[in-house]
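Our numbering puts the sequence shown at residues 31 to 404.
Here's the structure we're looking at; comments come further down.
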Amino acid sequence: DAGEAQVIRRYILATLFYSTSQVSPWNDSFNFLSADLHECNWHKNYTRSNFPFEDFDPVGVSCQDELDGNILLDDHQYPLGSITVNIRIVNDLNGPLPLEIGYLIDCNRLMLENHLGLTGPLPQTMGNMTSLFSMALILNGPYFGGELPSSLFRLKNLTYITIQFNLGKDWSLPSNAQISDDTQLEQIVLKNNFSGKIPSWIAKLKKLQVMDLTMNNFQGVIPEAIGDLSSVKYLNLMGNNFTGAIPSSLGKLPAIEVLNLGNNALQGELPAPIGNLRTLQLLDVGSNELTSTIPSSFANLESLKYLVLESNRFNGTVDVLESMKNLTILLTRSNSFSGALPDGLFSGTSDNVVVDIGDNEFTGELPSSFANMS
31 DAGEAQVIRR YILATLFYST SQVSPWNDSF NFLSADLHEC NWHKNYTRSN FPFEDFDPVG
91 VSCQDELDGN ILLDDHQYPL GSITVNIRIV NDLNGPLPLE IGYLIDCNRL MLENHLGLTG
151 PLPQTMGNMT SLFSMALILN GPYFGGELPS SLFRLKNLTY ITIQFNLGKD WSLPSNAQIS
211 DDTQLEQIVL KNNFSGKIPS WIAKLKKLQV MDLTMNNFQG VIPEAIGDLS SVKYLNLMGN
271 NFTGAIPSSL GKLPAIEVLN LGNNALQGEL PAPIGNLRTL QLLDVGSNEL TSTIPSSFAN
331 LESLKYLVLE SNRFNGTVDV LESMKNLTIL LTRSNSFSGA LPDGLFSGTS DNVVVDIGDN
391 EFTGELPSSF ANMS
(Lines of atoms letter the chains of each structure in order from A and count residues from 1; the text may use other names and numbers.)
(Lines give C-alpha, C1' and ligand atoms only; values in the text may rest on other atoms or scores of the structure.)
Protein backbone atom coordinates (compact mmCIF):
# COMPACT_ATOMS: atom_id res chain seq x y z
CA ASP A 1 0.00 0.00 0.00
CA ALA A 2 1.00 3.69 -0.12
CA GLY A 3 2.25 3.67 3.47
CA GLU A 4 4.53 0.69 2.90
CA ALA A 5 5.79 2.17 -0.38
CA GLN A 6 6.67 5.39 1.43
CA VAL A 7 8.64 3.55 4.11
CA ILE A 8 10.62 1.68 1.45
CA ARG A 9 11.22 4.86 -0.54
CA ARG A 10 12.48 6.79 2.50
CA TYR A 11 14.76 3.89 3.45
CA ILE A 12 16.31 3.76 -0.06
CA LEU A 13 16.86 7.52 -0.10
CA ALA A 14 18.45 7.29 3.34
CA THR A 15 20.91 4.66 2.07
CA LEU A 16 21.77 6.98 -0.84
CA PHE A 17 22.43 9.81 1.60
CA TYR A 18 24.63 7.76 3.95
CA SER A 19 26.47 5.85 1.19
CA THR A 20 27.47 9.09 -0.54
CA SER A 21 28.53 10.95 2.60
CA GLN A 22 31.08 8.47 3.90
CA VAL A 23 34.10 10.78 3.96
CA SER A 24 32.36 14.09 4.50
CA PRO A 25 28.76 15.33 4.69
CA TRP A 26 26.94 16.80 1.73
CA ASN A 27 27.36 20.54 1.39
CA ASP A 28 23.58 20.84 1.57
CA SER A 29 21.32 18.06 2.81
CA PHE A 30 18.29 19.35 0.83
CA ASN A 31 16.09 18.33 3.79
CA PHE A 32 17.10 14.67 3.37
CA LEU A 33 16.00 12.47 6.30
CA SER A 34 13.78 15.22 7.74
CA ALA A 35 11.19 13.45 9.88
CA ASP A 36 8.82 16.40 9.60
CA LEU A 37 8.77 16.56 5.81
CA HIS A 38 7.45 14.16 3.20
CA GLU A 39 10.31 12.87 1.02
CA CYS A 40 8.76 14.76 -1.90
CA ASN A 41 9.87 17.88 -0.03
CA TRP A 42 13.49 16.76 0.30
CA HIS A 43 14.72 19.39 -2.13
CA LYS A 44 15.50 23.08 -2.50
CA ASN A 45 14.45 25.20 -5.45
CA TYR A 46 16.95 26.84 -7.75
CA THR A 47 16.12 29.32 -10.50
CA ARG A 48 18.07 28.49 -13.64
CA SER A 49 17.51 27.00 -17.06
CA ASN A 50 17.82 23.27 -16.53
CA PHE A 51 16.20 20.09 -17.83
CA PRO A 52 13.50 19.05 -17.16
CA PHE A 53 11.87 21.86 -15.18
CA GLU A 54 13.09 24.84 -17.24
CA ASP A 55 13.58 27.83 -14.92
CA PHE A 56 12.21 26.01 -11.86
CA ASP A 57 14.80 23.50 -10.73
CA PRO A 58 14.16 21.51 -7.53
CA VAL A 59 17.53 20.03 -6.50
CA GLY A 60 17.28 16.90 -4.40
CA VAL A 61 14.18 14.70 -4.58
CA SER A 62 11.03 15.96 -6.28
CA CYS A 63 7.78 14.16 -7.05
CA GLN A 64 5.29 14.39 -9.87
CA ASP A 65 1.62 13.51 -9.61
CA GLU A 66 0.20 10.58 -11.49
CA LEU A 67 -2.33 12.57 -13.52
CA ASP A 68 -0.55 15.51 -15.18
CA GLY A 69 3.01 15.55 -13.87
CA ASN A 70 2.66 18.56 -11.57
CA ILE A 71 5.21 18.74 -8.77
CA LEU A 72 3.94 17.43 -5.43
CA LEU A 73 5.22 18.20 -1.94
CA ASP A 74 3.40 15.15 -0.55
CA ASP A 75 0.92 12.52 -1.69
CA HIS A 76 -1.91 13.42 0.67
CA GLN A 77 -4.28 14.80 -2.01
CA TYR A 78 -2.93 13.42 -5.27
CA PRO A 79 -1.38 10.04 -6.05
CA LEU A 80 2.36 10.06 -6.54
CA GLY A 81 3.30 9.11 -10.08
CA SER A 82 7.09 9.33 -10.17
CA ILE A 83 10.09 10.88 -8.46
CA THR A 84 13.20 12.61 -9.76
CA VAL A 85 16.60 12.48 -8.08
CA ASN A 86 18.33 15.61 -9.35
CA ILE A 87 21.62 16.67 -7.73
CA ARG A 88 23.22 18.60 -10.58
CA ILE A 89 25.17 21.07 -8.47
CA VAL A 90 28.46 20.80 -6.60
CA ASN A 91 27.37 19.10 -3.37
CA ASP A 92 30.30 16.82 -2.47
CA LEU A 93 28.60 13.46 -2.82
CA ASN A 94 31.33 10.93 -1.97
CA GLY A 95 31.37 7.17 -1.93
CA PRO A 96 29.51 4.60 -4.07
CA LEU A 97 25.91 4.54 -5.14
CA PRO A 98 24.25 1.92 -2.91
CA LEU A 99 22.72 -1.30 -4.20
CA GLU A 100 19.43 -0.14 -2.74
CA ILE A 101 19.06 2.64 -5.31
CA GLY A 102 18.09 -0.01 -7.83
CA TYR A 103 14.87 -0.60 -5.90
CA LEU A 104 13.71 2.99 -6.22
CA ILE A 105 11.16 1.70 -8.68
CA ASP A 106 9.17 4.94 -9.02
CA CYS A 107 12.26 7.01 -9.97
CA ASN A 108 11.92 8.24 -13.55
CA ARG A 109 14.97 10.53 -13.69
CA LEU A 110 18.40 10.14 -12.08
CA MET A 111 20.75 13.09 -12.58
CA LEU A 112 24.10 13.47 -10.79
CA GLU A 113 26.59 16.14 -11.77
CA ASN A 114 29.79 17.70 -10.39
CA HIS A 115 30.58 15.23 -7.61
CA LEU A 116 34.31 14.48 -7.59
CA GLY A 117 34.05 12.08 -4.65
CA LEU A 118 31.67 9.55 -6.18
CA THR A 119 33.29 6.12 -6.53
CA GLY A 120 32.68 2.68 -7.98
CA PRO A 121 30.51 1.36 -10.79
CA LEU A 122 26.77 1.65 -11.21
CA PRO A 123 25.08 -1.20 -9.33
CA GLN A 124 23.54 -4.07 -11.30
CA THR A 125 20.38 -3.61 -9.24
CA MET A 126 19.54 -0.61 -11.42
CA GLY A 127 17.89 -3.09 -13.75
CA ASN A 128 14.97 -3.04 -11.31
CA MET A 129 14.25 0.67 -11.84
CA THR A 130 11.28 -0.06 -14.06
CA SER A 131 10.10 3.57 -14.24
CA LEU A 132 13.49 5.01 -15.18
CA PHE A 133 13.12 7.27 -18.22
CA SER A 134 16.34 9.31 -18.22
CA MET A 135 19.78 8.98 -16.61
CA ALA A 136 22.46 11.69 -16.75
CA LEU A 137 25.87 11.35 -15.06
CA ILE A 138 28.07 14.33 -15.86
CA LEU A 139 31.37 15.81 -14.61
CA ASN A 140 31.85 13.35 -11.77
CA GLY A 141 35.08 12.13 -10.22
CA PRO A 142 38.09 10.00 -11.19
CA TYR A 143 37.10 6.92 -9.19
CA PHE A 144 33.53 6.79 -10.46
CA GLY A 145 32.81 4.37 -13.30
CA GLY A 146 33.08 0.83 -14.54
CA GLU A 147 31.22 -1.49 -16.86
CA LEU A 148 27.65 -0.30 -17.28
CA PRO A 149 25.19 -2.79 -15.78
CA SER A 150 23.83 -5.09 -18.47
CA SER A 151 20.53 -5.01 -16.59
CA LEU A 152 20.20 -1.30 -17.43
CA PHE A 153 19.49 -2.10 -21.08
CA ARG A 154 16.50 -4.30 -20.38
CA LEU A 155 14.55 -1.41 -18.85
CA LYS A 156 11.57 -0.89 -21.16
CA ASN A 157 10.97 2.77 -20.28
CA LEU A 158 14.58 3.98 -20.37
CA THR A 159 14.78 6.49 -23.22
CA TYR A 160 17.85 8.67 -22.61
CA ILE A 161 21.31 7.76 -21.29
CA THR A 162 23.91 10.52 -20.94
CA ILE A 163 27.32 9.79 -19.38
CA GLN A 164 29.83 12.47 -20.27
CA PHE A 165 32.82 14.47 -19.08
CA ASN A 166 33.40 12.26 -16.03
CA LEU A 167 37.01 11.83 -14.93
CA GLY A 168 36.96 8.07 -14.35
CA LYS A 169 38.83 5.97 -16.93
CA ASP A 170 37.19 2.57 -16.39
CA TRP A 171 33.89 3.02 -18.20
CA SER A 172 32.82 0.35 -20.71
CA LEU A 173 29.75 -1.22 -22.27
CA PRO A 174 28.82 -4.76 -21.25
CA SER A 175 29.75 -7.43 -23.77
CA ASN A 176 26.33 -9.04 -23.41
CA ALA A 177 22.93 -7.55 -22.69
CA GLN A 178 19.37 -8.79 -23.05
CA ILE A 179 17.43 -6.18 -25.00
CA SER A 180 13.68 -6.06 -24.65
CA ASP A 181 11.74 -6.22 -27.91
CA ASP A 182 9.82 -3.12 -26.84
CA THR A 183 12.84 -1.08 -25.74
CA GLN A 184 12.25 2.67 -25.88
CA LEU A 185 15.90 3.73 -25.83
CA GLU A 186 16.27 6.67 -28.24
CA GLN A 187 19.53 8.35 -27.22
CA ILE A 188 22.90 7.16 -25.93
CA VAL A 189 25.52 9.85 -25.32
CA LEU A 190 28.79 8.50 -23.93
CA LYS A 191 31.45 11.22 -24.10
CA ASN A 192 33.88 9.94 -21.59
CA ASN A 193 36.81 7.61 -21.09
CA PHE A 194 34.91 4.59 -22.37
CA SER A 195 37.04 1.75 -23.72
CA GLY A 196 36.58 -1.73 -25.16
CA LYS A 197 34.53 -2.62 -28.22
CA ILE A 198 31.09 -1.70 -29.44
CA PRO A 199 29.04 -4.83 -28.64
CA SER A 200 26.85 -6.32 -31.35
CA TRP A 201 23.73 -6.16 -29.15
CA ILE A 202 23.64 -2.41 -29.84
CA ALA A 203 21.97 -3.31 -33.15
CA LYS A 204 18.87 -4.50 -31.27
CA LEU A 205 18.04 -0.95 -30.15
CA LYS A 206 15.49 -0.46 -32.89
CA LYS A 207 14.26 2.93 -31.65
CA LEU A 208 17.71 4.43 -31.16
CA GLN A 209 17.94 7.80 -32.92
CA VAL A 210 21.16 9.23 -31.44
CA MET A 211 24.36 7.34 -30.66
CA ASP A 212 27.17 9.69 -29.73
CA LEU A 213 30.39 7.95 -28.65
CA THR A 214 32.66 10.94 -29.32
CA MET A 215 36.19 11.17 -27.88
CA ASN A 216 36.52 7.84 -26.12
CA ASN A 217 38.97 4.96 -26.30
CA PHE A 218 36.75 2.45 -28.10
CA GLN A 219 38.79 0.12 -30.27
CA GLY A 220 38.51 -2.79 -32.66
CA VAL A 221 36.31 -2.87 -35.73
CA ILE A 222 32.98 -1.13 -36.10
CA PRO A 223 30.55 -4.07 -36.08
CA GLU A 224 28.60 -4.83 -39.25
CA ALA A 225 25.49 -5.16 -37.09
CA ILE A 226 25.49 -1.40 -36.56
CA GLY A 227 23.82 -1.16 -39.96
CA ASP A 228 20.67 -2.63 -38.37
CA LEU A 229 19.98 0.57 -36.39
CA SER A 230 16.93 1.32 -38.48
CA SER A 231 15.92 4.52 -36.62
CA VAL A 232 19.30 6.15 -36.05
CA LYS A 233 19.65 9.71 -37.35
CA TYR A 234 22.87 10.79 -35.62
CA LEU A 235 25.82 8.38 -35.40
CA ASN A 236 29.06 9.90 -34.10
CA LEU A 237 32.10 7.69 -33.48
CA MET A 238 34.68 10.45 -33.86
CA GLY A 239 37.88 10.46 -31.85
CA ASN A 240 38.28 6.81 -30.91
CA ASN A 241 40.70 4.03 -31.87
CA PHE A 242 38.57 2.10 -34.35
CA THR A 243 40.51 0.07 -36.90
CA GLY A 244 39.67 -2.05 -39.92
CA ALA A 245 37.27 -1.21 -42.71
CA ILE A 246 34.20 1.00 -42.63
CA PRO A 247 31.34 -1.55 -42.64
CA SER A 248 29.32 -1.48 -45.83
CA SER A 249 26.22 -2.14 -43.72
CA LEU A 250 26.20 1.57 -42.85
CA GLY A 251 24.66 2.01 -46.28
CA LYS A 252 21.47 0.42 -44.92
CA LEU A 253 20.67 3.18 -42.41
CA PRO A 254 17.40 4.56 -43.81
CA ALA A 255 17.08 7.62 -41.53
CA ILE A 256 20.72 8.68 -41.04
CA GLU A 257 21.45 12.42 -41.23
CA VAL A 258 24.85 12.67 -39.52
CA LEU A 259 27.59 10.04 -39.87
CA ASN A 260 30.90 11.00 -38.24
CA LEU A 261 33.76 8.48 -38.27
CA GLY A 262 36.58 11.02 -38.16
CA ASN A 263 39.80 10.80 -36.13
CA ASN A 264 40.15 7.04 -35.91
CA ALA A 265 42.48 4.54 -37.61
CA LEU A 266 40.07 3.18 -40.21
CA GLN A 267 41.56 1.64 -43.34
CA GLY A 268 40.46 0.52 -46.78
CA GLU A 269 37.84 2.03 -49.06
CA LEU A 270 34.82 4.24 -48.75
CA PRO A 271 32.00 1.69 -49.09
CA ALA A 272 29.89 2.31 -52.19
CA PRO A 273 26.61 1.53 -50.30
CA ILE A 274 27.03 4.79 -48.36
CA GLY A 275 25.88 6.40 -51.59
CA ASN A 276 22.42 4.97 -50.85
CA LEU A 277 21.95 7.30 -47.85
CA ARG A 278 19.66 9.88 -49.41
CA THR A 279 18.89 11.48 -46.01
CA LEU A 280 22.58 11.98 -45.15
CA GLN A 281 23.53 15.63 -44.52
CA LEU A 282 26.98 15.28 -42.93
CA LEU A 283 29.69 12.71 -43.66
CA ASP A 284 33.02 13.00 -41.85
CA VAL A 285 35.72 10.37 -42.37
CA GLY A 286 38.64 12.78 -41.91
CA SER A 287 41.91 11.85 -40.20
CA ASN A 288 41.86 8.13 -40.88
CA GLU A 289 43.98 5.85 -43.13
CA LEU A 290 41.53 5.43 -46.00
CA THR A 291 42.89 4.73 -49.48
CA SER A 292 40.35 4.78 -52.28
CA THR A 293 38.61 6.93 -54.82
CA ILE A 294 35.24 8.50 -54.09
CA PRO A 295 32.64 5.91 -55.18
CA SER A 296 30.44 6.90 -58.12
CA SER A 297 27.42 6.06 -55.96
CA PHE A 298 28.11 9.21 -53.95
CA ALA A 299 26.41 11.12 -56.77
CA ASN A 300 23.16 9.98 -55.11
CA LEU A 301 23.86 11.87 -51.87
CA GLU A 302 21.38 14.57 -52.76
CA SER A 303 20.94 15.86 -49.19
CA LEU A 304 24.65 16.05 -48.33
CA LYS A 305 25.78 19.48 -47.08
CA TYR A 306 29.05 18.73 -45.26
CA LEU A 307 31.74 16.40 -46.57
CA VAL A 308 35.01 15.92 -44.67
CA LEU A 309 37.65 13.70 -46.31
CA GLU A 310 40.81 15.45 -45.11
CA SER A 311 44.00 13.74 -43.89
CA ASN A 312 43.61 10.36 -45.56
CA ARG A 313 45.18 8.80 -48.66
CA PHE A 314 42.31 9.23 -51.10
CA ASN A 315 43.12 9.47 -54.80
CA GLY A 316 41.44 9.96 -58.14
CA THR A 317 39.19 12.78 -59.23
CA VAL A 318 36.38 14.50 -57.37
CA ASP A 319 34.05 14.68 -60.40
CA VAL A 320 31.26 12.95 -58.49
CA LEU A 321 30.95 15.97 -56.17
CA GLU A 322 29.36 17.99 -58.97
CA SER A 323 26.11 16.10 -58.39
CA MET A 324 25.88 17.20 -54.74
CA LYS A 325 23.73 20.28 -55.21
CA ASN A 326 23.37 21.02 -51.48
CA LEU A 327 27.08 20.77 -50.65
CA THR A 328 28.31 23.83 -48.69
CA ILE A 329 31.37 22.52 -46.79
CA LEU A 330 34.11 20.50 -48.50
CA LEU A 331 37.33 19.60 -46.70
CA THR A 332 39.74 17.42 -48.70
CA ARG A 333 43.14 18.71 -47.51
CA SER A 334 46.09 16.28 -47.33
CA ASN A 335 45.10 13.57 -49.78
CA SER A 336 46.21 12.63 -53.29
CA PHE A 337 43.21 13.80 -55.28
CA SER A 338 44.06 14.80 -58.83
CA GLY A 339 42.55 16.21 -62.01
CA ALA A 340 40.45 19.33 -62.37
CA LEU A 341 37.75 20.47 -60.00
CA PRO A 342 34.35 20.00 -61.69
CA ASP A 343 33.02 23.23 -63.17
CA GLY A 344 29.60 22.86 -61.54
CA LEU A 345 30.93 22.37 -58.01
CA PHE A 346 28.80 24.43 -55.57
CA SER A 347 26.72 25.82 -58.44
CA GLY A 348 23.52 24.57 -56.81
CA THR A 349 23.80 26.44 -53.52
CA SER A 350 23.31 30.05 -52.53
CA ASP A 351 24.58 29.47 -48.97
CA ASN A 352 28.00 30.44 -47.69
CA VAL A 353 30.58 27.89 -48.73
CA VAL A 354 33.65 26.60 -46.86
CA VAL A 355 36.36 24.89 -48.95
CA ASP A 356 39.80 23.53 -48.09
CA ILE A 357 41.35 21.52 -50.92
CA GLY A 358 45.02 22.16 -50.16
CA ASP A 359 47.84 19.61 -50.24
CA ASN A 360 46.44 17.55 -53.12
CA GLU A 361 47.40 17.17 -56.80
CA PHE A 362 44.60 19.10 -58.45
CA THR A 363 45.28 20.70 -61.84
CA GLY A 364 43.59 23.24 -64.05
CA GLU A 365 41.67 26.38 -63.19
CA LEU A 366 39.19 26.98 -60.40
CA PRO A 367 35.58 26.31 -61.44
CA SER A 368 33.58 29.27 -62.67
CA SER A 369 31.16 28.78 -59.76
CA PHE A 370 33.95 29.91 -57.43
CA ALA A 371 33.78 33.42 -58.90
CA ASN A 372 30.65 34.14 -56.87
CA MET A 373 32.29 33.23 -53.58
CA SER A 374 33.55 35.77 -51.09
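All C-beta atoms in this analysis are idealised placements derived from N, C-alpha and C, irrespective of residue type, glycine included.
Exercise. Asp314: buried (16+ other C-beta within 10 angstroms of its C-beta) or exposed?
Worked result: Within the sequence shown, the letter at position 284 stands for residue 314. Under this definition Asp314 is a buried residue.
Exercise. Pairing CB atoms from the region 252-265 with CB atoms from the region 275-294, are three or more of them under 8 Å?
Worked result: yes
Exercise. Residue range of the alpha helix (DSSP H) that Leu43 falls in?
Worked result: As a first step, residue 43 must be located in the sequence shown, where it is residue number 13. If you look at Leu43, you'll find it in the alpha helix (DSSP H) that goes 32-49.
Exercise. So what does DSSP say about Leu357, is it helix, strand or coil?
Worked result: By 1-based counting over the sequence shown, the position of residue 357 is 327. In this structure, Leu357 counts as coil in the three-state DSSP scheme.
For this session: Enumerate, from N- to C-terminal direction, the unbroken beta strand (DSSP E) stretches of 3 or more residues contained entirely within the region 139-226.
Result: As far as the region 139-226 is concerned, its whole beta strand (DSSP E) runs of at least 3 residues are 147-150, 164-168, 190-194, 217-221, 224-226.
For this session: Taking all protein chains shown into account, decide if Arg39 is buried (16 or more other Cβ within 10 angstroms of its Cβ) or exposed.
Result: The residue you call residue 39 lines up with position 9 of the sequence shown. With 16 or more other Cβ atoms within 10 Å, it is buried.
Problem set entry | Residues sharing a beta bridge with Lys74, DSSP | In the sequence shown, counting from the first residue as 1, residue 74 sits at position 44. Looking at the DSSP assignment, Lys74 forms a beta bridge with Val89.
Exercise. From Asn382, Leu280, Leu238, pick the residue whose C-alpha is nearest to that of Lys335; which is it?
Worked result: For this step, residue 335 is matched to residue 305 along the sequence shown. Closest option to Lys335, Cα to Cα, is Asn382.
Problem set entry | beta strand (DSSP E) segment containing Asn365, residue limits | Against the sequence shown, residue 365 aligns to sequence position 335. Looking at the DSSP string, Asn365 is not in any beta strand (DSSP E), and its letter there is neither H nor E.
Problem set entry | Best match in Leu182, Pro126, Leu162 for proximity to Pro172 [C-alpha to C-alpha] | Position 142 of the sequence shown, counting from 1, holds the residue named residue 172. Residue Pro126 is the option with its Cα nearest to Pro172.
For this session: Sort Cys137, Gly99, Met141, Ile113 by Cα distance to Leu123 and report the nearest one.
Result: Against the sequence shown, residue 123 aligns to sequence position 93. Checked all of Cys137, Gly99, Met141, Ile113; the closest Cα to Leu123 is Met141.
Exercise. Span of the beta strand (DSSP E) holding Phe272?
Worked result: Start at 1 with the first residue of the sequence shown, and residue 272 comes out as number 242. Here the beta strand (DSSP E) through Phe272 covers 271-275.
Exercise. Comparing alpha-carbon positions, which option in Ile276, Phe376, Leu167, Asp242 lies nearest Ala255?
Worked result: Residue numbering aside, residue 255 sits at position 225 when the sequence shown is read from its first letter. Per the Cα distances, Ile276.
For this session: Select from Met268, Val338, Glu352 the residue whose C-alpha is nearest the C-alpha of Ile252.
Result: One-based indexing of the sequence shown puts residue 252 at position 222. Of the listed residues, the one whose Cα sits closest to Ile252 is Met268.
Problem set entry | Among Val348, Thr189, Ser59, nearest to Leu238 - alpha-carbon criterion | As a first step, residue 238 must be located in the sequence shown, where it is residue number 208. When only C-alpha atoms are compared, the closest one is Thr189.
Problem set entry | Whole-angstrom distance between Thr321 and Asn345, CA atom to CA atom | For the purposes of this step, residue 345 is taken as the residue at position 315 of the sequence shown. For the purposes of this step, residue 321 is taken as the residue at position 291 of the sequence shown. When rounded, the distance between both Cα atoms is 7 Å.
Exercise. Looking at the structure shown, is Gly281 part of a helix, part of a strand, or coil, going by DSSP?
Worked result: For the purposes of this step, residue 281 is taken as the residue at position 251 of the sequence shown. In the three-state scheme derived from DSSP, where H, G and I count as helix and E and B as strand, Gly281 is classed as helix.
Problem set entry | 6 Å Cβ shell around Thr358 - same chain, five flanking residues per side excluded | Translated into positions along the sequence shown, residue 358 becomes position 328. Here the set comprises Lys335, Thr379, Asp381, Val383.
Problem set entry | Alpha-carbon spacing of Leu360 relative to Asp386, whole angstroms | The residue you call residue 360 lines up with position 330 of the sequence shown. The residue you call residue 386 lines up with position 356 of the sequence shown. So the alpha carbons of these two residues sit roughly 6 Å apart.
Exercise. Quick check: the region 153-161 against the region 90-105, are there 3 or more CB pairs under 8 Å?
Worked result: no
For this session: Note down, in chain order, each residue of its chain lying with its Cβ closer than 7 Å to the Cβ of Ala295, except the 5 sequence neighbours on either side.
Result: Locating residue 295 in the sequence shown gives position 265, counting from the first residue. For Ala295, where only same-chain residues beyond five positions count, the Cβ hits under 7 Å are Asn271, Phe272, Thr273, Asn318, Glu319.
Exercise. If you draw a straight line from the alpha carbon of Leu43 to that of Cys137, how long is it in whole angstroms?
Worked result: Working through the sequence shown from its first residue, we reach residue 43 at position 13. Working through the sequence shown from its first residue, we reach residue 137 at position 107. Those two C-alpha atoms are separated by around 11 Å.
Exercise. Ends of the beta strand (DSSP E) at Asp242?
Worked result: Position 212 of the sequence shown, counting from 1, holds the residue named residue 242. Start and end: 240-242.
Exercise. If you draw a straight line from the alpha carbon of Asn223 to that of Phe47, how long is it in whole angstroms?
Worked result: Within the sequence shown, residue 223 is the residue found at index 193, counting from 1. Within the sequence shown, residue 47 is the residue found at index 17, counting from 1. Cα-Cα distance, rounded: 27 Å.
Exercise. Alpha carbon to alpha carbon, what distance is there between Ile135 and Thr160?
Worked result: On the sequence shown, position 130 is the one that residue 160 refers to. On the sequence shown, position 105 is the one that residue 135 refers to. The straight-line gap from Cα to Cα measures roughly 6 Å.
For this session: Taking only the alpha-carbon atoms, compute the straight-line gap between Thr323 and Glu130 and give it to the nearest angstrom.
Result: To locate residue 323, count along the sequence shown from 1; it is residue 293. To locate residue 130, count along the sequence shown from 1; it is residue 100. Their Cα atoms are separated by approximately 56 Å.
Exercise. Contact between the region 390-399 and the region 361-373: three or more CB pairs below 8 Å?
Worked result: yes
For this session: Return the chain-ordered list of same chain residues with a C-beta closer than 8 Å to the C-beta of Arg308, the five sequence neighbours on each side being excluded.
Result: On the sequence shown, position 278 is the one that residue 308 refers to. Asn330, Leu331, Glu332, Ser333, listed in sequence order.
Exercise. If we call anything under 8 Å between Cβ atoms a contact, is Asn57 one with Asn71?
Worked result: Looking up residue 57 in the sequence shown gives position 27. Looking up residue 71 in the sequence shown gives position 41. Not a contact, by the Cβ cut-off of 8 Å.
Problem set entry | Proximity to Gly369 [Cα-Cα], best of Phe376, Met354, Val350, Ile209 | The count along the sequence shown starts at 1 and reaches residue 369 at position 339. When each option's Cα is compared against that of Gly369, the closest is Val350.
Exercise. Taking Cβ positions, are Leu162 and Leu148 nearer each other than 8 Å?
Worked result: Residue 162 sits at position 132 when you count from the first residue of the sequence shown. Residue 148 sits at position 118 when you count from the first residue of the sequence shown. Not a contact, by the Cβ cut-off of 8 Å.
Problem set entry | Whole-Å CB distance - Ser278 paired with Pro301, under 8 Å assumed | Sequence index remark: in the sequence shown, residue 278 carries index 248 (1-based). Sequence index remark: in the sequence shown, residue 301 carries index 271 (1-based). The pair is a contact, with the Cβ atoms about 4 Å apart (cut-off 8 Å).
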